[in-house]
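Per the working numbering, the sequence shown starts with residue 103, numbered consecutively. Inspection log for the structure reproduced underneath, given as structure tokens.
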Amino acid sequence: MAGNVQRLAVAFPRVILLASSLWLSVAGLWKFVQPASFMSALQSHSLLPPPTHGWLARAVPSLEVSLAAFGLLAACLHARLRPALLCHSALFAVFAAYALWAHFRPPPAPAPCGCGFWDAQAADWAFIAARNAIAGAVLATTAAFGLGSQSRAGGGRANPRSA
Numbered sequence: 103m104a105g106n107v108q109r110l111a112v113a114f115p116r117v118i119l120l121a122s123s124l125w126l127s128v129a130g131l132w133k134f135v136q137p138a139s140f141m142s143a144l145q146s147h148s149l150l151p152p153p154t155h156g157w158l159a160r161a162v163p164s165l166e167v168s169l170a171a172f173g174l175l176a177a178c179l180h181a182r183l184r185p186a187l188l189c190h191s192a193l194f195a196v197f198a199a200y201a202l203w204a205h206f207r208p209p210p211a212p213a214p215c216g217c218g219f220w221d222a223q224a225a226d227w228a229f230i231a232a233r234n235a236i237a238g239a240v241l242a243t244t245a246a247f248g249l250g251s252q253s254r255a256g257g258g259r260a261n262p263r264s265a
């Protein structure tokens, strides 16, 4: 039984990081493939100054794909997971804050979120804010409780504060 718990403690953060990496890579690659659609979504939100739309349309997908690659490398190379988990968590927190801002200051007309290929309809900003906040919280909690610090080669405990 203890062996199963130990295996779960090692596998859980890796699975969480792989899922987050997959999510970010799909979203980022969609934005690379459909840059005009993402730019249009940013413009329709009317939240950010128009001069920022162009560089954000390039920076956001670049950041998503870069962090996805960082997470995939950390998970696949059995490296320390905490830095990747925290980076992913921070990005999801920024996305949640943007969606919350759009919820309280909605676009003039219903608009897609620009989140990825699944955003063909008008965004439900409260749902998107909650979804991203939950994703960020799961990633941060996994990192904070030491679950993301163990590597297969390191042989450390799942939670270094436990006796």
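The C-beta atom is built at its ideal place from N, Cα and C for all residues, glycine as well. These numbers come from a predicted model, not from an experiment.
So, helix, strand or coil for residue i, using DSSP?
i, result
"C189", "helix"
"W125", "helix"
"L179", "coil"
"Q145", "helix"
"F206", "helix"
"P214", "coil"
"F271", "The question about residue 271 has no answer here: the residues shown for the chain are numbered 103 through 265."
"Q136", "coil"
Candidates the options: which alpha carbon is nearest residue i's?
i, options, result
"A171", "A129, R207, Y200", "A129"
"P209", "A161, L183, L150", "L150"
"G173", "L158, S191, A161, R160", "S191"
"A143", "A201, F114, F206", "A201"
"I236", "F247, P153, Q223, F197", "F197"
"V240", "L169, N106, P115", "P115"
"A138", "H180, C189, L126, R160", "R160"
To the nearest angstrom, how far is the alpha carbon of residue i from that of residue j?
i, j, result
"A211", "A225", "11 Å"
"F140", "Q108", "43 Å"
"G216", "A177", "27 Å"
"L124", "A245", "18 Å"
"D203", "L175", "For the record, residue 203 in the displayed sequence is Trp; it is not Asp. Their Cα atoms are separated by approximately 33 Å."
"H155", "S146", "10 Å"
"W227", "P152", "21 Å"
"V135", "G105", "44 Å"
"A181", "A232", "30 Å"
Hey, residue i and residue j are a contact pair by Cβ (cut 8 Å); roughly how many whole angstroms apart?
i, j, result
"L119", "L183", "6 Å"
"F194", "G238", "3 Å"
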